[in-house]
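Quick notes on the structure that follows.
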Amino acid sequence: MSRPRIVIVGAGFAGYRTARTLSKLVRHKADITLLNPTDYFLYLPLLPQVAAGLLEPRRVTVSLSGTLPRVRLVLGEADGIDLDSRTVHYTGPEGEGGTLAYDRLVLAVGSVNKLLPIPGVAEHAHGFRGLPEALYLRDHVTRQMELAAGADDPKSCAARCTFVVVGAGYTGTEVAAQGQRYTEAQVRKRPLPNGRKPRWLLLDVAPRVLPEMDERLSRTADRVLRERGVEVRMGTSVKEATHDGVLLTDGEFVDTRTLVWCVGVRPDPLVEGVGQPMERGRLLVDPHLQVPGHPEVFACGDAAAVPDLNNPGGYTPMTAQHAWRHGAVVARNVAASIGVGERTFYRHRDLGFVVDLGGVQAAANPLGVHLPGPLAGAVTRGYHLAAMPGNRVRVAADWLLDAVLPRQAVQLGLVRSWSVPLDTASPELPRVPDSASGPAETSTGGAPTEPPGPVRRTDTPAEED
Ligand SMILES: Cc1cc2nc3c(=O)[nH]c(=O)nc-3n(C[C@H](O)[C@H](O)[C@H](O)COP(=O)(O)OP(=O)(O)OC[C@H]3O[C@@H](n4cnc5c(N)ncnc54)[C@H](O)[C@@H]3O)c2cc1C
Numbered sequence: 001m002s003r004p005r006i007v008i009v010g011a012g013f014a015g016y017r018t019a020r021t022l023s024k025l026v027r028h029k030a031d032i033t034l035l036n037p038t039d040y041f042l043y044l045p046l047l048p049q050v051a052a053g054l055l056e057p058r059r060v061t062v063s064l065s066g067t068l069p070r071v072r073l074v075l076g077e078a079d080g081i082d083l084d085s086r087t088v089h090y091t092g093p094e095g096e097g098g099t100l101a102y103d104r105l106v107l108a109v110g111s112v113n114k115l116l117p118i119p120g121v122a123e124h125a126h127g128f129r130g131l132p133e134a135l136y137l138r139d140h141v142t143r144q145m146e147l148a149a150g151a152d153d154p155k156s157c158a159a160r161c162t163f164v165v166v167g168a169g170y171t172g173t174e175v176a177a178q179g180q181r182y183t184e185a186q187v188r189k190r191p192l193p194n195g196r197k198p199r200w201l202l203l204d205v206a207p208r209v210l211p212e213m214d215e216r217l218s219r220t221a222d223r224v225l226r227e228r229g230v231e232v233r234m235g236t237s238v239k240e241a242t243h244d245g246v247l248l249t250d251g252e253f254v255d256t257r258t259l260v261w262c263v264g265v266r267p268d269p270l271v272e273g274v275g276q277p278m279e280r281g282r283l284l285v286d287p288h289l290q291v292p293g294h295p296e297v298f299a300c301g302d303a304a305a306v307p308d309l310n311n312p313g314g315y316t317p318m319t320a321q322h323a324w325r326h327g328a329v330v331a332r333n334v335a336a337s338i339g340v341g342e343r344t345f346y347r348h349r350d351l352g353f354v355v356d357l358g359g360v361q362a363a364a365n366p367l368g369v370h371l372p373g374p375l376a377g378a379v380t381r382g383y384h385l386a387a388m389p390g391n392r393v394r395v396a397a398d399w400l401l402d403a404v405l406p407r408q409a410v411q412l413g414l415v416r417s418w419s420v421p422l423d424t425a426s427p428e429l430p431r432v433p434d435s436a437s438g439p440a441e442t443s444t445g446g447a448p449t450e451p452p453g454p455v456r457r458t459d460t461p462a463e464e465d
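Position one of the sequence shown corresponds to residue 1 (full-length UniProt numbering), numbered consecutively onward.
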């Protein structure tokens with residue numbers, strides 16, 4: 001009899017853990033295929049440190065083929081799921097199509113940037129959900145600081161060294177905290193005209209920073225940011241974004257060339273196409289993480305609405321902590337469905353949060369215990385090292401180097417503004433030019449001034465940098 005075919009779509013926190021655990025549980029009793037657009041697992045919580053030049057981008061990745069030897073990796077993005085014929089259709093990295101047949105399917109496609117209908121935001125803001133966006137931001141911020149340092153016009157200088165981050169959840173708070181330190185370090189090496197300081201604004205409609213976390217974490221983050229000069233503007237958002245700046249909801253117009261959109265995420269739109277009951281864009285599953293009426297289909301991570309048994313009537317939040325543990329439960333239940341072990345249901349209580357604020361500062365409450373300043377910083381870094389499924393030594397080495405050497409502020413300019421639009425279903429991939437028409441060169445021989453044609457699942461043009 002042929003071995004059951006298990007297809008896992010997505011190799012993030014949930015999908016990677018599913019693949020890793022399953023390959024140990026079922027060994028040679030099933031064929032496991034992992035479909036993912038990149039050949040790496042991305043450790044998202046350290047992405048703000050990539051944008052701030054603290055960690056090199058490869059440090060926050062873990063090779064899939066290098067760490068999952070018994071799993072077949074197929075590079076590509078799923079673009080259609082047929083529950084009747086039990087097949088997944090995908091598009092590979094060079095545009096070729098393919099189909100995977102399954103006996104068990106695990107959907108773990110994560111989430112994408114959340115958009116709000118605010119004029120100009122889709123055109124002028126950039127999200128922070130993938131490695132391309134982090135690389136873009138690192139280069140962009142470096143370049144703005146270099147241009148500000150050389151600017152004759154004070155207005156232009158002020159606009160270039162002003163950075164607006166919208167959304168004070170853990171992503172926006174870390175981007176502002178790490179970014180401020182990065183620009184401060186640049187100013188120390190090359191001061192801005194007239195002793196000007198970089199200006200960072202962190203906005204949110206919520207009344208406090210880290211609104212979904214314990215209030216003591218909010219107070220710590222708020223204090224650290226304000227002490228560093230970050231303008232923490234709660235109860236405030238963006239009314240309109242333009243090429244020259246942003247109009248805030250309190251009526252102020254801020255001249256800036258940088259708008260970072262961290263207002264949250266929404267489930268990957270792929271799961272909508274499955275045609276099964278949804279809960280706020282997430283695919284509804286039962287406590288065993290199975291899709292009702294389709295016991296052969298499992299879903300987990302940000303893309304799944306998983307009942308929270310500790311909070312009856314609620315669903316588990318979209319965090320790495322839950323996605324990672326969903327993956328272990330899905331693996332057990334898939335294995336049980338083919339006769340290996342017993343199935344189980346999902347229940348997990350939050351173990352606290354760690355928010356790295358740069359330097360030795362962090363806001364952390366592991367197991368609910370609120371930790372002060374440098375101790376929180378040490379625990380936060382230790383937590384990340386323990387939680388990463390690989391590459392720990394390289395991450396620790398980068399931290400060590402950053403402690404003793406000045407940070408390297410150079411921009412390679414490899415990820416352009418148009419290749420990381422806010423409105424995309426594929427934040428893990430930079431948008432690439434249509435190979436048929438090819439990118440148009442500018443007169444200076446640089447990158448194209450126009451987005452050269454969509455090939456990924458996105459249509460929104462963005463301004464050129
Ligand atoms: C900057 C940032 C910082 C964060 N920090 C924290 C933190 O400190 N603590 C915390 O608990 N949470 C944090 N989160 C949230 C956490 O990262 C997510 O909740 C978690 O990644 C969800 O796991 P997942 O497996 O569902 O999705 P992901 O980890 O995003 O993985 C989804 C995978 O699916 C792949 N994929 C997407 N579409 C397709 C497709 N069509 N076909 C095939 N593959 C596809 C993607 O490439 C990716 O590999 C952070 C998020 C961000 C963006």
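All C-beta atoms, glycine included, are put in the ideal place defined by N, C-alpha and C.
Just to confirm before moving on: does the CB-CB distance between residue i and residue j stay below 8 Å?
i, j, result
"tyrosine 346", "leucine 289", "yes"
"cysteine 161", "methionine 145", "yes"
"alanine 19", "valine 60", "no"
"tyrosine 182", "glycine 53", "yes"
"isoleucine 32", "tyrosine 102", "no"
"lysine 197", "glycine 229", "yes"
"leucine 22", "alanine 323", "no"
"leucine 429", "alanine 122", "no"
"proline 132", "valine 340", "no"
"valine 354", "tyrosine 383", "yes"
Between which two residues does the beta strand (DSSP E) containing residue i stretch?
i, result
"lysine 189", "Run containing lysine 189: none in the beta strand (DSSP E); it sits in the alpha helix (DSSP H), 170-189."
"threonine 319", "Element bounds for threonine 319: n/a, residue is neither H nor E."
"arginine 196", "Run containing arginine 196: none; DSSP gives neither H nor E here."
"methionine 213", "Element bounds for methionine 213: n/a, residue is neither H nor E."
"arginine 72", "72-75"
"arginine 233", "231-234"
Starting from residue i and walking both ways along the alpha helix (DSSP H), at which residues does that stretch end?
i, result
"histidine 294", "It is not in any alpha helix (DSSP H) - histidine 294 instead sits in the beta strand (DSSP E) that spans 294-299."
"serine 65", "64-67"
"tyrosine 383", "373-387"
"aspartate 398", "392-404"
"proline 48", "47-51"
"threonine 18", "13-26"
"proline 132", "131-150"
Distance, Cα to Cα, residue i vs residue j?
i, j, result
"serine 435", "glutamate 94", "Here serine 435 scores only 47 on pLDDT, less than 50, and its place in the model should not be relied on; the value that follows carries that caveat. C-alpha separation (whole angstroms): 9 Å."
"valine 274", "glycine 80", "8 Å"
"arginine 143", "aspartate 204", "26 Å"
"glutamine 321", "asparagine 194", "46 Å"
"phenylalanine 41", "glycine 76", "14 Å"
"valine 74", "leucine 105", "14 Å"
"proline 327", "glycine 245", "The amino acid at residue 327 is misidentified as proline; the sequence shows glycine. One C-alpha to the other measures close to 42 Å."
"glycine 438", "valine 432", "Bear in mind that the predicted position of glycine 438 carries a pLDDT of just 43, short of 50, making it too unreliable to give a figure here."
"proline 366", "alanine 134", "27 Å"
"alanine 440", "alanine 148", "Bear in mind that the predicted position of alanine 440 carries a pLDDT of just 37, short of 50, making it too unreliable to give a figure here."
"alanine 396", "leucine 375", "17 Å"
"proline 312", "alanine 305", "13 Å"
"alanine 462", "phenylalanine 128", "For alanine 462, the predicted structure reports a pLDDT of 37, less than 50, and the residue's modelled location is therefore unreliable. A value from the coordinates is still provided. Each residue's Cα considered, the two are about 15 Å apart."
"serine 218", "arginine 343", "39 Å"
"glycine 98", "glutamate 296", "21 Å"
"valine 254", "threonine 173", "19 Å"
"lysine 24", "valine 88", "24 Å"
"threonine 256", "glutamine 180", "15 Å"
"aspartate 308", "proline 317", "9 Å"
"threonine 444", "valine 175", "With a pLDDT of only 30 at threonine 444, under the threshold of 50, the placement of this residue in the model should not be trusted; the figure read from the coordinates follows. Taking the straight line from one Cα to the other gives about 32 Å."
"threonine 442", "serine 419", "Residue confidence for threonine 442 is low, a pLDDT of 31 falling below 50, so the modelled location carries little weight; the figure read from the coordinates is stated next. Between threonine 442 and serine 419, the C-alpha separation is close to 16 Å."
"valine 404", "alanine 177", "20 Å"
I want to check one thing, is the minimum distance from the CB of residue i to the heavy atoms of ligand 1 below 7 Å?
i, result
"serine 111", "yes"
"methionine 318", "yes"
"glutamate 184", "no"
"aspartate 302", "yes"
"glycine 12", "yes"
"glycine 15", "yes"
"asparagine 36", "yes"
"valine 141", "no"
"glutamate 428", "yes"
"glutamine 178", "no"
What is the C-beta distance between residue i and residue j, in whole angstroms, given that I count them as a contact (C-beta under 8 Å)?
i, j, result
"leucine 270", "alanine 78", "6 Å"
"valine 260", "leucine 100", "The Cβ separation is near 36 Å, so there is no contact."
"leucine 202", "alanine 363", "Not quite, the Cβ-Cβ distance comes to about 14 Å (not below 8 Å), so this is no contact."
"residue 477", "histidine 243", "Lying before the first or after the last residue shown, residue 477 is absent from the chain, which here runs from 1 to 465."
"proline 117", "serine 426", "The pair is not a contact, with the Cβ atoms about 22 Å apart (cut-off 8 Å)."
"proline 267", "glycine 281", "4 Å"
Is residue i near ligand 2 - that is, is its Cβ less than 7 Å away from at least one heavy atom of it?
i, result
"asparagine 365", "Because ligand 2 does not appear in the structure shown, any question about it cannot be addressed here, the ligands present being ligand 1."
Is the Cβ of residue i closer than 8 Å to any Cβ of chain C?
i, result
"arginine 226", "Included in the structure is just one protein chain, with no chain C present."
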